[in-house]
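Asks:
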Amino acid sequence: MNETYGLRINGRDEQVREAWLGESLLYVLRERLGLPGSKNACEQGECGSCSVFCDGVLVNACCLLAADAVDAEVTTVEGLGAGSTPVQRAFLDEGAVQCGFCTPGLVMAVTDLLQRTSDPSETELREAISGNLCRCTGYGRIFAAVRAAQQGDAQ
Amino acid sequence: MTDTSTRERADRVVGHGLGTSAPRPDGTPKVRGQFAFSSDLWADEMLWGRTVRSPHPSARIVRVDTTVAEAMAGVHAVLTAADVPGRATYGLEHTDQPVFASDVVRYHGEAVAVVAADHPETARRAAAAVVVDYDVADPLVDPEAAIDAIPIHPDGNVFRHVRIVHGDPDAAGDVVVEGAYEVGMQDQAFLGPESGLAIPAEDGGVDLYISTQWLHVDRDQVAACLNLEPERVRLTLSGVGGAFGAREDVSLQVHLCLLALATGRPVKMLYSREESFFGHVHRHPARMTYRHHATRTGDLVKVEARLVLDGGAYASSSTAVIANASCFAAGPYRVPNAVIDGWAVRTNNPPCGAMRGFGAVQACFGHESQMDRLAAALGMDPVDLRLRNALRTGDVLPTGQRITGVAPVRECIEAAVAHPLPPPAADDPLERPGGAGLTVDSADVRRGVGFAVGFKNLLYSEGFDDYSTAAVRLELAADGEPVATVHCAAAEVGQGFVTLAQQVVRSELGVERVVLRTADTGVGSAGSTSASRQTWMSGGAVQAACEAVKIALAARGGDLSAGPIEELREHHHRPTSPLDERGQGDAHVSYAFAAHRAVVDVDPGLGLVRVVQIATGQDIGRALNPLAVIGQIEGGIAQGVGLAVMEEVLVADGCIQNPSFTDYLIPTALDMPAVAATLIEQPEPGAPFGAKGVGEAPTISSTPAVVAAIRAATGVELARVPVRAADIAMPQAASRGAAQT
Chain A
0 MNETYGLRIN GRDEQVREAW LGESLLYVLR ERLGLPGSKN ACEQGECGSC SVFCDGVLVN
60 ACCLLAADAV DAEVTTVEGL GAGSTPVQRA FLDEGAVQCG FCTPGLVMAV TDLLQRTSDP
120 SETELREAIS GNLCRCTGYG RIFAAVRAAQ QGDAQ
Chain B
0 MTDTSTRERA DRVVGHGLGT SAPRPDGTPK VRGQFAFSSD LWADEMLWGR TVRSPHPSAR
60 IVRVDTTVAE AMAGVHAVLT AADVPGRATY GLEHTDQPVF ASDVVRYHGE AVAVVAADHP
120 ETARRAAAAV VVDYDVADPL VDPEAAIDAI PIHPDGNVFR HVRIVHGDPD AAGDVVVEGA
180 YEVGMQDQAF LGPESGLAIP AEDGGVDLYI STQWLHVDRD QVAACLNLEP ERVRLTLSGV
240 GGAFGAREDV SLQVHLCLLA LATGRPVKML YSREESFFGH VHRHPARMTY RHHATRTGDL
300 VKVEARLVLD GGAYASSSTA VIANASCFAA GPYRVPNAVI DGWAVRTNNP PCGAMRGFGA
360 VQACFGHESQ MDRLAAALGM DPVDLRLRNA LRTGDVLPTG QRITGVAPVR ECIEAAVAHP
420 LPPPAADDPL ERPGGAGLTV DSADVRRGVG FAVGFKNLLY SEGFDDYSTA AVRLELAADG
480 EPVATVHCAA AEVGQGFVTL AQQVVRSELG VERVVLRTAD TGVGSAGSTS ASRQTWMSGG
540 AVQAACEAVK IALAARGGDL SAGPIEELRE HHHRPTSPLD ERGQGDAHVS YAFAAHRAVV
600 DVDPGLGLVR VVQIATGQDI GRALNPLAVI GQIEGGIAQG VGLAVMEEVL VADGCIQNPS
660 FTDYLIPTAL DMPAVAATLI EQPEPGAPFG AKGVGEAPTI SSTPAVVAAI RAATGVELAR
720 VPVRAADIAM PQAASRGAAQ T
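Listed below in structure tokens is the structure:
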């Protein structure tokens with residue numbers, strides 16, 4: 000069953016034309032709207048690589064039908080800003096990026112965390128990104144990046 | 000604030016040569032979601048490929064009927080073994096794996112056919128509509144039985160038997176300890192599943208954009224199966240979402256190119272996570288028996304070991320993995336006498352091959368468990384026993400090879416134990432074993448400390464002519480400033496070779512601006528991104544090309560205005576020898592050592608473990624990019640911790656039981672311990688810049704260190720990894736269960 004519907008992504012109205020309604024938001028972002036920044040690593044909501052904001056709430060885009068996001072305000076990693084945000088700069092400066100496949104999802108999760116709380120405890124930090132799997136870094140440099148981003152925000 | 004930070008960044012860019020934590024050139028696009036991984040590729044008129052896989056680990060194929068699938072709207076091709084124009088098989092070292100199974104299937108998930116359709120969902124339905132009638136057979140799943148069983152492949156069931164006999168095989172010690180150990184099947188679990196895009200070319204060839212560890216060896220295998228000259232199969236590296244050995248072998252490369260050539264359209268394939276578990280090799284499961292002999296004062300006299308690695312259905316790199324496991328079976332110790340038998344065998348289990356640590360990981364769990372057992376029998380401190388026997392430069396390995404490079408085993412051990420122990424567990428219930436499950440009472444938690452040392456070879460061994468190629472071009476840019484361009488086929492898989500290549504050029508040529516051309520088969524081979532080899536081999540090739548550019552520039556009196564200078568060089572490491580019939584020979588170039596101390600909290604009644612801290616000392620030669628080195632050490636330790644306490648591909652009667660990230664668990668941010676690392680910098684003679692590859696050593700001894708810590712906390716023997724809760728809480732019941740499977 001194919002339908003045409005509208006989505007609002009990164010502040011822009013987008014038309015999804017004649018698309019199968021079974022497509023996930025992740026698929027539509029990546030394959031129909033030219034926004035491949037959200038990654039597909041597990042497609043069952045375990046790895047967080049596809050994290051986006053849906054009406055300000057951090058969600059796994061793989062577990063949401065695109066048609067269910069009609070009327071929602073969706074923000075992807077491409078929509079965080081024209082340049083690099085303090086979180087993105089901290090990931091670079093602290094060595095939190097290796098292969099980079101998990102990075103967009105982690106940037107979204109850390110952005111979400113620091114929007115909710117400016118000074119997370121160690122446990123809050125680990126809990127907040129425990130839904131984002133990284134296989135390269137062992138997370139150490141990612142923790143450092145979060146602390147650096149916090150200090151950058153505080154200045 | 001913005002001005003200051005911008006200026007600081009600009010200051011740091013100047014002089015980002017060797018020894019600095021230079022930033023990644025691909026970092027900005029990666030954090031912004033603009034870096035193109037192979038799964039992000041897209042082309043006009045692109046089709047989607049999908050593989051048809053066997054649900055059985057062993058069966059005869061009676062009939063394959065593609066007519067229904069072919070007739071479906073949107074389906075453009077359905078291909079089987081009959082459609083392979085060239086060689087019907089591929090393989091990394093032995094071409095024994097069919098592009099498509101045609102007569103028999105030998106593992107759960109083996110490819111039988113592939114389809115191309117205009118939508119991934121259509122492709123999925125078409126793949127499901129391909130009818131394959133199987134005559135199901137009993138799978139051969141016991142690696143011990145496989146040695147003498149009726150061969151399940153024309154090439155036989157034994158991939159390789161390595162026998163190392165060193166010194167006096169009849170030597171005996173005052174104290175003898177024996178043990179039997181097992182390692183489960185680990186998955187590399189890179190985050191970016193297999194993917195690529197093949198585009199048919201006007202010359203009848205094909206362009207393949209792909210995630211891989213070695214472009215040229217992929218190209219040669221693809222070209223042979225397509226029956227095309229290698230020049231007409233052009234590979235370009237796309238963004239690689241991690242590798243860890245799982246991209247050494249061909250997965251979807253041949254299938255993609257066949258579909259592109261058959262349909263005349265670009266074809267993309269992207270494995271789901273489930274298919275990824277079937278689509279690449281895993282770390283070999285191992286069964287090992289050991290007997291260690293020592294004097295009463297704790298000097299090792301002899302090590303006897305028998306290692307059986309289950310290679311699964313096809314050879315992959317099993318012959319090299321078992322050589323490594325055998326060569327390093329006794330650990331980084333002086334062992335005057337040794338008898339080591341290593342077997343890598345074929346079964347109907349999932350194929351196994353390269354994973355970070357490559358054979359040394361399995362052996363290390365065996366030899367380090369034995370060293371603890373020996374220390375207990377001697378009444379010695381486990382660290383003292385290791386220090387007493389630690390290898391040094393000039394010592395001889397069980398292969399008869401003398402270590403000529405640096406071997407700071409003692410320094411690694413001393414550095415690891417010098418780190419302060421972590422404070423006692425906080426009262427936060429989330430920091431107890433089991434974390435958010437909140438099932439553990441703090442009164443039940445016991446802390447344990449364990450220790451292990453490991454090592455492995457760097458670069459390729461046993462006589463392989465290992466080399467890398469790099470071209471460096473120096474010219475004046477439009478603004479009159481010099482710019483250098485590097486062309487090297489080394490696969491960047493996340494490790495940071497792209498950063499290192501820029502650092503080498505900056506240091507060698509003094510040029511700030513360094514452009515990296517995309518890695519492709521338009522330049523000579525760089526060899527594989529594996530065996531901790533690219534810093535040494537491709538770093539060495541870039542350095543050699545820079546040297547040649549400098550000489551050419553000097554011959555011109557230093558004047559670049561006459562035009563660009565471009566030089567291409569290969570770097571070969573010194574020759575090595577094969578192992579002889581007694582497993583003796585100068586088979587290896589260099590070694591990397593590391594020691595790990597693990598601290599764990601355990602609830603023995605529930606079997607729950609929290610790894611609190613890993614302290615390490617690692618032999619790295621020289622830190623060319625300290626931040627990148629730390630990233631490799633922490634990331635490698637995470638994979639070692641995973642093997643110790645959670646990661647296993649569960650296989651029952653040849654079938655994978657947990658092909659998903661819901662059921663195959665890798666460490667999360669909550670599982671990862673604190674890491675305290677000391678870099679041991681002793682430049683390696685003969686290595687470019689004195690640097691050793693750093694990627695593998697962290698993964699090797701971190702696993703047995705964690706298990707030793709759990710043993711120390713609980714007193715349970717724990718002869719198998721990963722350690723499951725039941726192994727701790729119900730050790731007798733758990734071992735009965737293991738015996739039954």
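Residue numbers (numbering that gives the first Met the number 0), protein chains in the order written: chain A, 0 to 154; chain B, 0 to 740. Here a beta-carbon is modelled for each residue, glycine too, at the ideal position from N, C-alpha and C.
Please go through the same chain and pick out, in chain order, the residues whose beta-carbon is closer than 7 Å to the beta-carbon of residue 208(B), but skip the five residues on each side of it.
Replies: Within the second sequence, the letter at position 209 stands for residue 208(B). Once the five neighbours on either side are set aside, the close Cβ partners of residue 208(B) are 37, 40, 195, 196, 235, 237.
Asks: Under 8 Å, with one C-beta from each stretch per pair, do the region 207-223 of chain B and the region 396-404 of chain B reach the 3-pair mark?
Replies: No, they do not touch.
Asks: Hey, how far is the Cα of residue 451(B) from the Cα of residue 367(B)?
Replies: What you label residue 451(B) is simply residue 452 of the second sequence in a count that begins at 1. What you label residue 367(B) is simply residue 368 of the second sequence in a count that begins at 1. Going from the Cα of residue 451(B) to the Cα of residue 367(B) covers about 6 Å.
Asks: Looking at chain A, is there any beta carbon in it that lies within less than 8 Å of the beta carbon of residue 231(B)?
Replies: Position 232 of the second sequence, counted from the first residue, corresponds to residue 231(B). It does not: the Cβ of residue 231(B) has no partner Cβ on chain A nearer than 8 Å.
Asks: Using a Cβ-Cβ cutoff of 9 Å, what residues of the region 20-36 of chain B are near chain A? List them in chain order.
Replies: For the region 20-36 of chain B, which is checked against every Cβ of chain A, the residues closer than 9 Å are 20, 22, 23, 25, 26, 27, 28, 29, 30, 31, 32, 33, 34, 35, 36.
Asks: Cα-Cα, which of 621(B), 425(B), 334(B), 464(B) is closest to residue 165(B)?
Replies: The residue given as residue 165(B) occupies position 166 in the second sequence. Residue 165(B) has its Cα closest to that of 334(B), out of 621(B), 425(B), 334(B), 464(B).
Asks: State buried or exposed for residue 528(B), treating a residue as buried only when at least 16 other CB atoms are found within 10 Å of its CB.
Replies: In the second sequence, counting from the first residue as 1, residue 528(B) sits at position 529. Buried, because 16 or more other Cβ atoms sit within 10 Å of the Cβ of residue 528(B).
Asks: Go through its chain and collect everything with a Cβ distance to residue 492(B)'s Cβ below 6 Å, but skip five positions before and after it.
Replies: Within the second sequence, residue 492(B) is the residue found at index 493, counting from 1. Hits under 6 Å: 239, 242, 528.
Asks: Along chain B, which residues have their Cβ under 8 Å away from the Cβ of residue 61(A)?
Replies: Against the first sequence, residue 61(A) aligns to sequence position 62. Near residue 61(A) there are no residues of chain B at all, since even the closest Cβ is about 10 Å away, more than 8 Å.
Asks: By the 10 Å Cβ neighbour count, where 16 or more other Cβ atoms means buried, how is residue 571(B) classified, buried or exposed?
Replies: One-based indexing of the second sequence puts residue 571(B) at position 572. So residue 571(B) counts as exposed.
Asks: Ignore the nearest five residues each way along the sequence and tell me which others in residue 250(B)'s own chain have a CB closer than 6 Å to its CB.
Replies: Within the second sequence, residue 250(B) is the residue found at index 251, counting from 1. Answer for residue 250(B): 193, 278, 279, listed in chain order.
Asks: Can you check the region 453-480 of chain B for any beta strand (DSSP E) of at least 3 residues that lies completely inside it and give the ranges in chain order?
Replies: Runs of the beta strand (DSSP E) inside the region 453-480 of chain B: 466-475.
Asks: Please report whether the beta-carbon of residue 10(A) lies at a distance below 8 Å from any beta-carbon of chain C.
Replies: Here chain C cannot be found, since the structure's protein chains are A and B.
Asks: Which residues, in order along the region 24-54 of chain A, keep a beta-carbon less than 9 Å from a beta-carbon of chain B?
Replies: So the list reads 26, 29, 30, 33, 34, 35, 36, 37, 38, 39, 40, 41, 42, 43, 44, 45, 46, 48, given in the order they occur along the chain.
Asks: Quick one: give me the first and last residue of the beta strand (DSSP E) that residue 87(A) is part of.
Replies: Sequence index remark: in the first sequence, residue 87(A) carries index 88 (1-based). Looking at the DSSP string, residue 87(A) is not in any beta strand (DSSP E); the run it does join, the alpha helix (DSSP H), is 85-92.
Asks: Give me the chain A residues within the contact set of residue 560(B), using Cβ-Cβ distance strictly less than 9 Å, ordered along the chain.
Replies: Counted from its first residue, the second sequence places residue 560(B) at position 561. Simply none; closest approach about 36 Å.
Asks: Residue 15(B) bridges to which residues according to DSSP?
Replies: If you number the second sequence from 1, residue 15(B) lands on position 16. The partner list for residue 15(B) (beta bridge, DSSP) is empty, contrary to what the question assumes.
Asks: Beta-carbon within less than 7 Å of residue 633(B)'s beta-carbon, same chain only, minus the 5 sequence neighbours each way: which residues are those?
Replies: Within the second sequence, the letter at position 634 stands for residue 633(B). Closer than 7 Å at the Cβ level, and outside the excluded window around residue 633(B), lie 674.
Asks: Using DSSP's beta-bridge definition, name the partner residues of residue 589(B).
Replies: Here residue 589(B) is taken as the residue at index 590 of the second sequence, counted from 1. Beta-bridge pairing links residue 589(B) to 457(B).
Asks: Does any residue of chain B bring its CB to less than 8 Å from the CB of residue 102(A)?
Replies: Start at 1 with the first residue of the first sequence, and residue 102(A) comes out as number 103. Cβ-Cβ to chain B under 8 Å: yes for residue 102(A).
Asks: Is there a Cβ of chain A sitting closer than 8 Å to that of residue 759(B), yes or no?
Replies: Any answer about residue 759(B) is impossible in this case: the structure gives chain B only from 0 up to 740.
Asks: Is the CB-CB distance between residue 541(B) and residue 487(B) below 8 Å?
Replies: Walking along the second sequence from the start, residue 541(B) turns up at place 542. Walking along the second sequence from the start, residue 487(B) turns up at place 488. Closer than 8 Å, so yes.
Asks: Within this structure, are the beta carbons of residue 225(B) and residue 85(B) separated by less than 8 Å?
Replies: The residue labelled residue 225(B) in the question sits at position 226 within the second sequence. The residue labelled residue 85(B) in the question sits at position 86 within the second sequence. The answer is yes: Cβ separation under 8 Å.
Asks: How big is the Cα-Cα spacing for residue 91(A) and residue 681(B)?
Replies: Numbered from its first residue, the first sequence carries residue 91(A) at position 92. Numbered from its first residue, the second sequence carries residue 681(B) at position 682. Each residue's Cα considered, the two are about 29 Å apart.
Asks: Could you tell me the alpha carbon to alpha carbon distance between residue 563(B) and residue 471(B), rounded to whole angstroms?
Replies: Within the second sequence, the letter at position 564 stands for residue 563(B). Within the second sequence, the letter at position 472 stands for residue 471(B). Residue 563(B) and residue 471(B): Cα-Cα distance of roughly 10 Å.
Asks: Looking only at its own chain, which residues have a Cβ that is under 7 Å from the Cβ of residue 146(B), when we skip the five neighbours before and after it?
Replies: In the second sequence, residue 146(B) corresponds to position 147, counting from 1. The answer, listed in chain order, is 156, 157, 342, 344.
Asks: Rounded C-beta distance between residue 433(B) and residue 626(B)? I'm assuming under 8 Å.
Replies: Along the second sequence, one-based indexing puts residue 433(B) at 434. Along the second sequence, one-based indexing puts residue 626(B) at 627. Contact doesn't hold; Cβ gap of about 33 Å is too wide.
Asks: Taking all protein chains shown into account, do 16 or more other C-beta atoms lie within 10 angstroms of the C-beta of residue 705(B), making it buried, or fewer, making it exposed?
Replies: Within the second sequence, residue 705(B) is the residue found at index 706, counting from 1. Label assigned to residue 705(B): buried.
Asks: Between the beta-carbon of residue 313(B) and the beta-carbon of residue 350(B), is there less than 8 Å?
Replies: Here residue 313(B) is taken as the residue at index 314 of the second sequence, counted from 1. Here residue 350(B) is taken as the residue at index 351 of the second sequence, counted from 1. Contact flag set, yes.
Asks: Got a sec? Which residues, its chain only, sit under 6 Å from residue 140(A) by beta carbon, not counting five neighbours each side?
Replies: By one-based count along the first sequence, residue 140(A) stands at place 141. Here the set comprises 93, 94, 95.
Asks: Can you give, in chain order, each stretch of the beta strand (DSSP E) that sits fully within the region 154-202 of chain B and has at least 3 residues?
Replies: For the region 154-202 of chain B, whole beta strand (DSSP E) runs of length 3 or above, ordered along the chain, are 157-165, 174-182, 194-199.
Asks: Helix, strand or coil for residue 388(B) per DSSP?
Replies: As a working mapping, residue 388(B) is identified with position 389 in the second sequence. Reduced to three states, the DSSP call for residue 388(B) is helix.
Asks: Identify every run of the beta strand (DSSP E) within the region 558-646 of chain B, keeping only runs that are complete inside it and at least 3 residues long; order them along the chain.
Replies: 564-571, 589-602, 607-618, all fully within the region 558-646 of chain B.
Asks: Taking the beta carbon of residue 1(A) as the centre, do at least 16 other beta carbons fall within 10 Å, making it buried, or is it exposed?
Replies: Taking the first sequence and counting its residues from 1, one reaches residue 1(A) at position 2. Residue 1(A) comes out exposed.
Asks: Taking C-beta pairs closer than 7 Å, name the residues in chain A that residue 647(B) reaches, listed in chain order.
Replies: In the second sequence, the residue the question calls residue 647(B) occupies position 648. Simply none; closest approach about 16 Å.
Asks: Quickly, what does DSSP pair residue 148(A) with across the bridge? List them, please.
Replies: Here residue 148(A) refers to the residue found at position 149 when the first sequence is read from its first residue. According to DSSP, residue 148(A) bridges with nothing at all.
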